[in-house]
Every structure is written in C-alpha cells, then in structure tokens.
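Structure record follows, encoded as structure tokens.
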Amino acid sequence: MGVYESLGLSPVINATGTVTRLGGAPMPRTVLDAYREAASDWVPLDRLQAAASKMISQLTGAEAGIVTAGAAAGLTLGAAAMIARMDLGKMELLPRTEGMANEFIVAREHRNGYDHAVRAAGARFVEVGFNEITSGAGVRRVEAWEYEAAITERTVGVFYVFLDDSAPPLEEVVAVAHRHDLPVLVDAAGELPPRSNLMMGSVTGADLVAFSGGKAIRGPQSTGILCGRRDLIGSAALQMLDMDDHFELWEPPAALFDEATLRGIPRHGIGRAMKVSKEEIVALMTALALFASGSYDEELAAQRQRLQVIIEKLAATDVVLTLHESANGESSPILDVVVGDGRAATATEVCQKLRGGKPPIYVGHHKLSHGVLVVNPLCMTDAGASCLGERLREELS
Ligand SMILES: *Cc1c(COP(=O)(O)O)cnc(C)c1O
C-alpha cells in the first residue's frame with residue numbers, strides 16, 4: 104500500500120500544474136536524493152543559509168538571499184525587514200507597529216489575496232491608482248507619479264507585484280522609491296520561467312524580490328527565495344532564524360550579517376513561525392541549480408507529447424482545442440479544451456465530474472467562466488494524460 108493509501112487517500116491526476124492546493128511541483132530525483140542526504144547530518148542553520156545566500160547571489164546577481172517558507176513567507180519577512188531594519192526592539196514588537204512607520208505604497212491593481220503575507224508583518228497598505236480598465240471607467244493604468252504623491256514620513260517601502268504586463272514598469276517605480284530613499288519589495292512568486300527573471304532585482308534595482316521554490320524551480324513546495332540588498336536580507340534572516348544562543352558564542356556569518364550593525368541577539372522573530380529545515384534548504388539549492396542550468400527544458404518535448412495524446416483522443420469529437428506554446432520557450436505548453444455552449448454539460452460540471460471520478464482528475468479552472476478547461480502537463484504522467492484524454496472523450500462526446 105502506498106503512503107497516501109495508508110492514510111485513506113487516493114492520489115489524483117494533476118493536470119493543473121504546480122498549484123499549492125494539490126502539492127506543488129514534481130521534485131526531480133536529484134532533488135529528492137539531496138533532501139535525503141541532508142537529513143542524515145546536522146549543520147548550523149545560519150551557516151547553511153549563508154551558503155545558500157552565496158549561491159542565490161551568484162544566480163540572481165543579488166547581494167544576498169535566504170531560503171524562506173515559500174514566497175509568501177518571503178513577503179512577510181521582506182516587509183518585516185523594511186519595517187524593523189536592524190532595530191531589535193521593533194523586531195520584538197512585530198506584527199504590532201503602532202507608532203512606527205509601517206506604510207507600504209501599493210497600486211490598487213496589484214492588490215491580491217497573497218498580499219495578506221505583507222500585511223501579516225504589521226504593514227499597512229496605502230493604495231494608489233485605480234482599476235479603471237476593469238471597471239470600464241477609463242483607459243489608463245497606475246502611473247509612477249501616483250506612487251510619489253502618496254509618500255509620507257510613515258512610508259517604509261513600496262510593494263510591487265510583478266507580471267509580464269505589470270504597470271508601471273518596475274524600473275520606474277524603483278526610480279521613484281529610491282529618489283525618496285525607500286526600498287521596493289517585489290512579489291515575483293510565479294514569474295519563473297523565464298530564467299532571466301532570476302536577475303530581476305539586479306536588473307531593475309528592486310531591493311527585495313520573492314520567488315516560489317515549489318513552482319517552476321521544482322524544490323519542496325514549502326520553500327521560496329528572498330533575495331536582494333544584504334542589509335535587508337540580514338534583517339529578514341535575523342527575524343527568521345532560531346535565536347536561542349549567547350551573543351558572545353554566536354558567530355554571525357558574514358554573507359548575511361554585518362557584525363558592526365548587530366547590537367545583540369533578538370528573541371525569536373516573526374519569521375520563527377515560518378522556519379525552513381536543513382533538508383528543504385539543501386533540496387531547494389539543488390533544484391535551483393537544475394532550474395538555472397536550463398536542464399528542465401529537456402522535458403518540454405515529453406510534456407508536449409502528453410498533450411498530443413489528449414488531442415488525439417479527442418480528434419473524433421467536435422471539441423475545440425487550442426495548444427499554447429510558451430513565448431519564452433521555457434514554460435510548459437498548455438492545452439485549452441473549449442467546452443463551449445450548446446453542450447449538455449458546462450465547463451464547471453465537467454470539471455466537477457473529473458474531480459469526482461476514479462482516479463480524481465484536476466484540470467486548470469481559471470478559465471471556467473469562459474467555458475474552458477486548461478490542461479498543464481508538468482505534473483502529469485504519460486498514463487495520467489491518457490486517462491484524462493479518455494475521460495474528456497466520455498464527457499464531451
Ligand atoms: C504562488 C504565489 C504566491 C505564494 O507563493 P508560495 O511559494 O506558495 O508561498 C505569492 N504570490 C503570487 C503572485 C503567487 O502566484
């Protein structure tokens with residue numbers, strides 16, 4: 104019996120990609136081997152994070168970096184670092200920020216459910232711009248001057264959510280923020296690939312950037328990377344690491360800390376509730392090296408073949424299929440299955456039936472309102488693709 108069966112669960116066919124709800128990305132064997140090996144020895148976690156920092160810095164061009172408990176924890180720690188800097192008293196108080204400068208300027212159109220992670224540090228958002236295009240009320244998106252107009256003495260930073268078409272361009276927001284000596288925190292959790300986005304912080308000047316480790320990097324799903332300015336990374340590390348040591352015994356690793364700025368050891372900080380294990384750190388570093396080397400590109404042909412199997416199984420039906428090849432040549436190809444009008448079952452009903460079957464199949468559900476099921480081959484096996492093709496034929500014939 105498998106580990107999931109012994110817990111009374113049946114594994115599902117994941118046709119949605121690296122979503123957290125189903126368990127994140129498929130970890131390559133090399134990554135799993137590294138995890139297992141890391142579990143058999145013990146190392147001081149601050150030094151392991153310092154070693155990770157050196158590698159992250161080589162691959163991202165950032166001054167420093169740490170492994171966080173997902174990109175979300177990276178956002179909490181990034182915000183905590185910008186609020187507290189190296190002030191141990193403030194670290195102790197977070198997430199309470201009464202009387203401290205605690206405001207982050209954010210564009211209304213960048214607001215999303217994940218920004219709870221920034222607020223969790225005690226940050227308050229000051230929104231700028233509107234959602235005029237979505238609301239049908241205008242033609243313009245948020246502009247850099249709006250950020251500048253909102254800056255006050257209570258501002259500690261700017262929060263920016265990076266997408267291919269985010270407005271205004273990150274460089275413009277960084278220029279405005281830096282003119283006022285304010286740091287910029289970027290959520291780029293799902294913005295890999297392309298691999299070139301690893302350099303986002305060093306290319307745009309953004310001060311801290313958070314990436315997910317459990318999406319395309321294919322590390323443990325509970326990992327992420329926070330990279331950027333060394334002083335801010337040092338503050339983030341101090342607020343995450345286990346701090347139960349004596350100041351005179353602790354040797355702060357130079358990759359992360361400037362000893363001259365350390366006035367003592369804080370108590371456990373806000374990030375202590377978001378710890379990462381030695382195994383997770385080692386596994387993520389192994390996965391990051393694989394991702395950055397481009398070796399995952401070799402799997403794209405097999406992924407395309409899985410979609411081809413589904414296309415062939417539906418060839419005799421009148422279902423409209425659209426294959427999307429990624430523009431960057433590094434992301435998985437995606438298949439849209441248009442359930443459309445005039446069919447007995449709606450896209451939502453087909454989605455529900457697939458989930459309710461044996462084995463349960465989960466397809467991408469972000470285009471249901473357009474009658475479209477989205478198939479991502481990254482987390483599927485060949486057998487899973489064949490099974491999904493059969494099931495779709497049954498439901499849609
Ligand atoms: C996935 C995602 C996150 C959260 O990342 P985790 O690594 O799961 O913590 C945050 N923001 C955005 C935009 C995301 O897509």
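181 is the number that the working numbering gives to position 78 of the sequence shown; each next residue is one higher, with no gaps. Positions of the beta carbon are idealized from the N, C-alpha and C atoms, including for glycine.
Ranked by Cα distance from W353, the options L335, N117, P147 and L112 are led by P147. In the structure shown, C482 falls within a coil segment according to DSSP collapsed to helix, strand and coil. The beta carbon of M377 sits closer than 6 Å to the beta carbons of A172 and A176 from its chain, once the five residues preceding and following it are set aside; these are given in chain order. Listed in chain order, the beta strand (DSSP E) runs fully inside the segment 398-439 are 423-427, counting runs of at least 3 residues.
Taking non-hydrogen atoms of ligand 1 into account, the C-beta of D290 is found less than 7 Å away from one of them.
Taking a 10 Å sphere around the C-beta of G331, we find 16 or more other C-beta atoms and assign the residue as buried. Taken in chain order, the complete beta strand (DSSP E) segments of 3 residues or longer contained in the segment 116-148 are 116-118.
Taking 7 Å as the cut-off, one finds no heavy atom of ligand 1 near enough to the beta carbon of G367.
When secondary structure is reduced to three states using DSSP, G192 falls in the helix class. Taking 8 Å as the upper bound for CB-CB distance, E382 and A142 are in contact here, some 5 Å apart.
The three-state secondary structure of T171, taken from DSSP, is strand. Set against 7 Å, the gap from the CB of S315 to the closest heavy atom of ligand 1 is smaller. Spatial neighbours of N215 in its own chain (CB-CB distance under 8 Å, excluding positions within 5 residues in sequence) are listed in chain order as V264. Taken from the Cβ of A175, at least one heavy atom of ligand 1 lies inside 7 Å. Spatial neighbours of A363 in its own chain (CB-CB distance under 8 Å, excluding positions within 5 residues in sequence) are not present.
Judged by DSSP in its simplified three-state form, D290 adopts strand. By alpha-carbon distance to G168, the top candidate from G308, A395 and A153 is A153. Inter-segment contact for the segment 463-476 and the segment 113-127 is present: three or more beta-carbon pairs are separated by less than 8 Å. Of all C-beta pairs linking the segment 324-343 to the segment 159-168, three or more are shorter than 8 Å, placing the two stretches in contact. Residue nearest to R139 within the set A280, G111, A358 and T389 is T389 (criterion: CA-CA distance). Around the beta carbon of H469, a 10 Å sphere encloses fewer than 16 other beta carbons of the protein chains shown; the residue is thus reported as exposed. Taking the CA atoms as reference points, E497 sits about 12 Å from V422.
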